[in-house]
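A.B. asks: Before I ask anything, here is the structure I am working with.
Protein chains in written order, with our numbering: chain A, 2 to 351; chain B, 2 to 351; chain C, 2 to 351; chain D, 2 to 351; chain E, 2 to 351.
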């Protein structure tokens, strides 16, 4: 939520990095390929890949680290990207969205991963600029979920080498959405754990855990709902960048997004159910504690009153002098106690 | 929720089985019929039914067990099915959906059954590929709700032999949706049972049961809401596979789906109502327990104090020596006790 | 909810009665009229009214009892009704709906009545088939809310004799919707009663009553929401059966349906409010009970401790031998008690 | 809610008064004006104003009291109003709505006022029939929020004399909606009062007050939501009665209605918040009461046990004969009490 | 909520100030610029800026203080503004909205700032009239969030000097929406603070704070939801005032608004979560307090009863005379106490 403010007062399109810097280095990985050839290049020198733009090959230019204002600005100039797009790339608090420009499509989405130790979600922003012959991808840090994709390109596996930049972009979106399923699995397992805890041995900590789970669900929701719109617009766009052959894949991607949303919503409902269950369990326990207290007090308080009576020091208390009075009183008290127990049993308190 | 992950990183359209394998065997049942003739065949050999494709008869090819990658892939090749469709068939975690291709319609739905012993829902995925002259159906295991349908085809009962592949597919969807009513009945009876329990003798176990019921409702919801969209699109499609004569039936199917959804939503509301009722009952009981405790304590604590007074050992306590003091104190205490009882009765606590 | 299952596995369009049979007899009432003439007929013989079909008069054929498969089937054949429609007529668990066929309109709705003794809703299904010159109405039992309508036809009161079959059908829908207001009144009065009870003397039974009210509201909702769609489609239809002159009436009917829905929704909110009010009242009472207990215990427990002290049997307890010690102790205890009372008053507990 | 029933069974368009009669008298106020001239007339004689209909002036005919069946029926005949409209005018339980007829527009709305003493909303139904040269307005009783409007017409202030019947109707709708703001203010002040009460000195009565507030909000909501639709349709209508020059005013009116709805919805949320706050405060207080009880009981119960020990009458209790035993026991008890207090302080209970 | 009433009964378009007056002074700041020139002027004399209207430069006329009826009316006359617009400008309770007139666009929005000391939102209404060559802005008071914008104009930074009045208006809307992020940050930090408090040391005050937070969220929501519609309409308008070049900026603005709404909704959910967490914590604490009480009472009440027995004064109590009886009783009581402790430990109460 924090630090959204550095941009206030600046001219729209000003390049300012917004967010937590996740890496210091920046790197650029370039893959330039056609069905038969593949060039790979890691560089810091922007001039290297500026050569690639105009070939008929597909170029994937993957920029890691978006905090370098100068670099982003140079790339923007070279590819003639609208300043607002560059601004959005550097603002890592962006909401997932898609914008269609004449020569390229701009999409922002969230890469999400589940930290199983901290039981929390980690977010990275990924921006794509999809041109006719290139895809620019911008990531916040270097560790890379796109490696399997890169491997597929290297081995020429699947359709990826023979289809256009739209299919490449689709493949990247697909990897991202597939990753959501991993996160949902992590959350699902965590929820099952909590569920078991609530049912077996509920303790105070669970409250905090359920609350955190709720928050994580909210965060996830905030990331996936807009993605649905992104994918829907991408599938239905009339932009010539997206070819007819790619549409069934985009339709499939859209279906996956819906499935993610469905699961997130179900998780929300189940988290609420979990809290309700915990609170009900607690009410139940309070009720039981009350019963124990009430039973003990209800049995012994009257008895204590009776023994108190015969502890009084009046001169004239005839019962005190009867020989079997003591045993009679003990007997009467036993009968009272048993009567109470019978009453509680009838009321189903025991 | 679990095991959604094996596909991560693979090329889209890769054939990987996702889910719990419910059977080891695979079997293929073929029915090839026209209004006058019927051929039936059970085979493992794909070549057997590849002959059937091009006849003008209607062929129903029912594949049981979708974990056999090779078989699915061969079928896909023969019928020229898009790889994404094959991938979806093998992914048993699919959300119900429908996709329209040029030569066929692809639909996924959930077969649901109510396990009355476990009081839980069991799910099986069923995929249909509806071509002009054939229907391919894919089931996860062998036990078969389509048997009555098969019987109808054998006996030539109803319209089924004289209408096209679209009507056959409709008949299968209809059987599936009819089955939902059975599940709703099971859940309905279970809810009535719980309702009675909550009203008669609420115990701790009910909490768990209501929670589980809630979860089952959520699962059911997740299966039926998308089915509505599937049926709506099937009815409204402009695909030539669906003929005008079949539309009233699809409209009827759609109405049934809406009715299922209606009932699922009502069930959800009633489950919430049940939990509220249970919690209110609990509050009520806590309140009653408190009252008993308070009445007993409020009556006897002051009395115990009084008898305590006359148990003190001061030298100079004149009352102790009055001859009727003991009986007077007993009388006063009786009056106090009766006064309290009268007060409680006035306050409606008794 | 129960007994939805007998149809599972049957061919669509199979005629099976689904529901509770509410009568054993079946009867057919026929009215055949034009602005100047009126024929009336009660018959069991289907041939009687088959003669009527082709006159230019308006015929209202009212079938009471829909469990007679053979009769329904004969009527269907004569009027050339689609088998799915006949199936729906015999399934009394139908959701209100409307279907437009080339030669007739088929509408299903729920007749609802409020049983003031049982405080519950009773439902009967009514199906209408509206042709160009006839209306077929199907009811589950004989007692008849259409009697005033019949009277109007007999007396030639209003427009009913001079307008077409669409107006006749409208009149029947109108009577049904008007009846909903009676039910809402019954529920409204019952809610006011409950409200008063909750505010005046809440007892345990109210919980059950609120829960039942909630369920009745859910049932009512399930009956009226789809009716809205039915009436909206009827008003907007392009079918030539519905004439322009009838549309303002259908519009009015639609408005009434919306008003019913509005009231049902408001009732739902108020029922929730009632439960909240009851639970809050309960919390309040528990709080009060607790206060009484706490006040009594807090005053007397310390006092009892003090008198306990002077009940000890130590040899050396100098206070015991002071002459005014007893009265001093009594005085101190009175001061303590008054101090406590003052404290409680300051805390607003008294 | 009550008395919706008298119409059941009657022919649609039958004139029956539905509702509580708020006045016995009926009166008709007529204003007939053009930019330069103004005639005013109060009459009971319908013939008086029937003369006015066909002039090119604008006539505002304001009927006070809608229970006079004969009068309504005569007016209806003269102005050729559809019987359903007349029926709706006499049914004061109508939902706000608008209907467009060829020669006139019919609108129903609710005049709402806030009774600050009873803290409740009072409703009056106002119906408008807007013709090309006249506006008929029907009110339930005589006291009149339209007086300022009448004054404006008399003084020729504003546009009202020079614009058409549509502007006159707009002015009346505007006055009605402006009145809603007064009601919202009243409710707003009442809510602030309740809020303060809940935060300062919550008592039992607040529960009832919050519940009533909730109900009033529901009532208000039922009156204003349909009004939105009324105003939206009036603005967008293609009827020639509404002129282009009036549309900006109708747009403004629509905006005001939205603002009313917004505030009503916010009020609903805040009322819920108020109830939550009250209940939480109550929980808090119960918790505190419990703590006091627990502290007192936990300190004194063990001490009372100790003094009880030395009140026993065993022959052989050596401690009793030690000279400083009494003071030692007093000292030990003081230490125990202080220890407990320290423990409670550490637990943050004190 | 208050003081919405002064306008009731007035003619629409009457100029009356509605709201709290935030300043007494009024001032007018004028900037008149083209890409190369800039004139700046602060004046009270309306004649000064009336000269500017017809130049081809862009004029920004910023009016501070909207309570001066005469001034607003003169401006309105000069720029030929519809009276309803002027009325809306002077009504500071306006809902954010946009209206398109032939020669100008009228937009109302809320400037929001977060008062970190009072932990509350402060609102100021800003109205814009966007003509072809001018923008009129109306603020309630003088302190100015538009200063950075003014600075940008002075320095000729960014596009602002070379684009039209639509871009200038966009820049002002952008500053306003950027400001919302600052408010959201403030609220976010406050929520984190409250969250920590609830988890670490919940006290009574938190209840009030959560309630106030809830109310602030509601207020924020009321301000931002309509803004979405404003921005959406501005982007999609066909008015020639908004040029094609400005649309990507308006699209970006719309995205920011959606992001604000998203965050506001998430905040609402989290505030509810916070309340739930607090209440659950409270329940937990009550439960613990109960346990302590129950343990103490359950251990000591029976023991006190036992010592009471041997404090009775019966003549014939044989145990009293056994030499080791006292120690035996002490031992038995110790065993009972330990048994209870063991029982509580087994029940997980300790």
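The beta carbon of each residue, even a glycine, is placed where N, CA and C say it ideally should be.
Spell out whether any CB of chain A is found under 8 Å from the CB atom of residue 203 (chain E).
C.D. replies: Working through the fifth chain from its first residue, we reach residue 203 (chain E) at position 202. With 8 Å as the cut-off, residue 203 (chain E) does not count as an interface residue toward chain A.
A.B. asks: To the nearest whole angstrom, what separates the beta carbons of residue 73 (chain D) and residue 16 (chain D), a pair I think is in contact under 8 Å?
C.D. replies: In the fourth chain, counting from the first residue as 1, residue 73 (chain D) sits at position 72. In the fourth chain, counting from the first residue as 1, residue 16 (chain D) sits at position 15. Confirmed, about 6 Å.
A.B. asks: Secondary structure at residue 113 (chain C), three-state DSSP: helix, strand or coil?
C.D. replies: Numbered from its first residue, the third chain carries residue 113 (chain C) at position 112. Strand.
A.B. asks: Chain A beta carbons: is any one of them nearer than 8 Å to that of residue 312 (chain E)?
C.D. replies: Residue mapping note: residue 312 (chain E) aligns to position 311 of the fifth chain, counting from 1. At least one chain A Cβ lies under 8 Å of residue 312 (chain E).
A.B. asks: In this structure, how does DSSP classify residue 334 (chain B) when only helix, strand and coil are distinguished?
C.D. replies: Numbered from 1 along the second chain, position 333 holds the residue referred to as residue 334 (chain B). Helix.
A.B. asks: Looking at C-alpha atoms only, which residue of A:198, A:188, A:141 and A:173 is the closest neighbour of residue 89 (chain A)?
C.D. replies: In the first chain, counting from the first residue as 1, residue 89 (chain A) sits at position 88. Closest option to residue 89 (chain A), Cα to Cα, is A:141.
A.B. asks: Considering Cα atoms alone, identify which of E:137, E:209 and E:22 is closest to residue 280 (chain D).
C.D. replies: Position 279 of the fourth chain, counted from the start, is the residue given in the question as residue 280 (chain D). The residue with the shortest Cα to Cα distance from residue 280 (chain D) is E:209.
A.B. asks: Compare the C-beta of residue 261 (chain E) against all C-beta atoms of chain D and say whether one is closer than 8 Å.
C.D. replies: The residue given as residue 261 (chain E) occupies position 260 in the fifth chain. Not one chain D Cβ lies under 8 Å of residue 261 (chain E).
A.B. asks: Decide if residue 1 (chain D) is buried, meaning its Cβ has at least 16 other Cβ atoms within 10 Å, or exposed.
C.D. replies: Nothing about residue 1 (chain D) can be reported from this structure: the residues present for chain D run from 2 to 351 only.
A.B. asks: Kindly indicate if chain E contains any beta-carbon less than 8 Å away from that of residue 21 (chain A).
C.D. replies: Along the first chain, one-based indexing puts residue 21 (chain A) at 20. It does not; no Cβ of chain E falls within 8 Å.
A.B. asks: Between D:159, D:272, D:342 and D:80, which has its C-alpha nearest residue 191 (chain D)'s C-alpha?
C.D. replies: Residue 191 (chain D) sits at position 190 when you count from the first residue of the fourth chain. The shortest C-alpha separation from residue 191 (chain D) is found at D:272.
A.B. asks: In its own chain, which residues sit with a C-beta less than 7 Å from the C-beta of residue 96 (chain C), not counting the 5 before and 5 after it?
C.D. replies: Along the third chain, read from residue 1 onward, the residue named residue 96 (chain C) stands at position 95. Contacts found: 227.
A.B. asks: Under 8 Å: do the region 136-155 of chain C and the region 233-248 of chain C share three or more Cβ pairs, one atom per stretch?
C.D. replies: Judged by Cβ distances under 8 Å, the region 136-155 of chain C makes no contact with the region 233-248 of chain C, as fewer than three pairs qualify.
A.B. asks: Consult DSSP for residue 344 (chain B) and reduce its assignment to one of helix, strand or coil.
C.D. replies: The count along the second chain starts at 1 and reaches residue 344 (chain B) at position 343. Residue 344 (chain B) falls in the helix class under three-state DSSP.
A.B. asks: In terms of alpha-carbon separation, which member of B:166, B:316 and B:194 lies closest to residue 57 (chain B)?
C.D. replies: To locate residue 57 (chain B), count along the second chain from 1; it is residue 56. Looking from the CA of residue 57 (chain B), the closest CA among B:166, B:316 and B:194 belongs to B:166.
A.B. asks: Please list the segments of the beta strand (DSSP E) lying wholly inside the region 133-192 of chain D, counting only runs of 3 or more residues, in order along the chain.
C.D. replies: 135-140
A.B. asks: Taking the alpha carbon of residue 251 (chain A) as the point to measure from, which residue in A:120, A:155, A:173 and A:81 has its own alpha carbon closest?
C.D. replies: The count along the first chain starts at 1 and reaches residue 251 (chain A) at position 250. Checking every option, the nearest Cα to that of residue 251 (chain A) belongs to A:173.
A.B. asks: Taking C-beta pairs closer than 7 Å, name the residues in chain B that residue 85 (chain C) reaches, listed in chain order.
C.D. replies: By one-based count along the third chain, residue 85 (chain C) stands at place 84. The contacting residues are 249, 250 and 253.
A.B. asks: Should residue 343 (chain E) be labelled buried (16 or more other beta-carbon atoms within 10 Å of its own) or exposed?
C.D. replies: Here residue 343 (chain E) refers to the residue found at position 342 of the fifth chain. That one is exposed.
A.B. asks: In terms of DSSP beta bridges, what is residue 63 (chain E) paired with?
C.D. replies: Indexing the fifth chain from 1 puts residue 63 (chain E) at position 62. Beta-bridge pairing links residue 63 (chain E) to E:30 and E:138.
A.B. asks: How far does the beta strand (DSSP E) with residue 44 (chain C) in it reach, from first residue to last?
C.D. replies: Numbered from its first residue, the third chain carries residue 44 (chain C) at position 43. 39-44 is the span of the beta strand (DSSP E), which, as asked, contains residue 44 (chain C).
A.B. asks: Would you please state the rounded distance, in angstroms, between the beta carbons of residue 290 (chain E) and residue 295 (chain D)? I believe it to be under 8 Å.
C.D. replies: Residue 290 (chain E) sits at position 289 when you count from the first residue of the fifth chain. Residue 295 (chain D) sits at position 294 when you count from the first residue of the fourth chain. With a contact defined as Cβ atoms closer than 8 Å, residue 290 (chain E) and residue 295 (chain D) qualify at about 5 Å.
A.B. asks: Per DSSP, what are the beta-bridge partners of residue 131 (chain A) in this structure?
C.D. replies: Reading the first chain from its first residue, position 130 is the one you call residue 131 (chain A). Paired residues: A:106 and A:136.
A.B. asks: For chain E, check one thing: does any of its Cβ atoms lie closer than 8 Å to the Cβ of residue 100 (chain A)?
C.D. replies: Taking the first residue of the first chain as 1, we reach residue 100 (chain A) at position 99. Under the Cβ distance rule, residue 100 (chain A) counts among the residues neighbouring chain E, one pair being separated by less than 8 Å.
A.B. asks: Under the three-state reduction of DSSP, which class applies to residue 4 (chain B): helix, strand or coil?
C.D. replies: Position 3 of the second chain holds residue 4 (chain B). Bear in mind that the predicted position of residue 4 (chain B) carries a pLDDT of just 46, short of 50, making it unreliable; the figure below should be weighed with that in mind. Coil at residue 4 (chain B), not helix or strand.
A.B. asks: Anything in chain E within Cβ reach of residue 305 (chain A), meaning under 8 Å, just list it in chain order.
C.D. replies: Taking the first residue of the first chain as position 1, residue 305 (chain A) is located at position 304. By Cβ distance, chain E contributes 302, 305, 306 and 309.
A.B. asks: For residue 126 (chain C), does the three-state DSSP call read helix, strand or coil?
C.D. replies: Position 125 of the third chain holds residue 126 (chain C). Of the three classes helix, strand and coil, the one that applies to residue 126 (chain C) here is strand, per DSSP.
A.B. asks: Does the beta-carbon distance from residue 284 (chain B) to residue 214 (chain C) come in below 8 Å?
C.D. replies: Here residue 284 (chain B) corresponds to residue number 283 of the second chain, with the count starting at 1. Here residue 214 (chain C) corresponds to residue number 213 of the third chain, with the count starting at 1. Cβ distance not < 8 Å, so residue 284 (chain B) and residue 214 (chain C) don't count as in contact.
A.B. asks: Determine the DSSP secondary structure at residue 314 (chain A), reduced to helix, strand or coil.
C.D. replies: Looking up residue 314 (chain A) in the first chain gives position 313. Three-state DSSP puts residue 314 (chain A) in coil, outside helix and strand.
A.B. asks: Could you tell me whether any Cβ in chain E is nearer than 8 Å to the Cβ of residue 43 (chain A)?
C.D. replies: The sequence position of residue 43 (chain A) within the first chain is 42, counting from 1. No, its Cβ sits nowhere closer than 8 Å to a Cβ of chain E.
A.B. asks: How about residue 181 (chain E) and residue 261 (chain E): do their beta carbons lie closer than 8 Å?
C.D. replies: As a working mapping, residue 181 (chain E) is identified with position 180 in the fifth chain. As a working mapping, residue 261 (chain E) is identified with position 260 in the fifth chain. Yes, the Cβ-Cβ distance between residue 181 (chain E) and residue 261 (chain E) is below 8 Å.
A.B. asks: Check whether the region 185-204 of chain A touches the region 108-126 of chain A, taking contact to mean three or more Cβ pairs, one atom from each stretch, closer than 8 Å.
C.D. replies: yes
A.B. asks: Can you name the start and end residues of the beta strand (DSSP E) that residue 99 (chain E) belongs to?
C.D. replies: Translated into positions along the fifth chain, residue 99 (chain E) becomes position 98. Start and end: 98-101.
A.B. asks: Does the Cβ of residue 223 (chain A) have 16 or more other Cβ atoms within 10 Å, making it buried, or fewer, making it exposed?
C.D. replies: In the first chain, residue 223 (chain A) corresponds to position 222, counting from 1. Buried is the call here.
A.B. asks: Would you mind reading off the limits of the alpha helix (DSSP H) that contains residue 80 (chain D)?
C.D. replies: As a first step, residue 80 (chain D) must be located in the fourth chain, where it is residue number 79. Residue 80 (chain D) -> alpha helix (DSSP H) spans 70-80.
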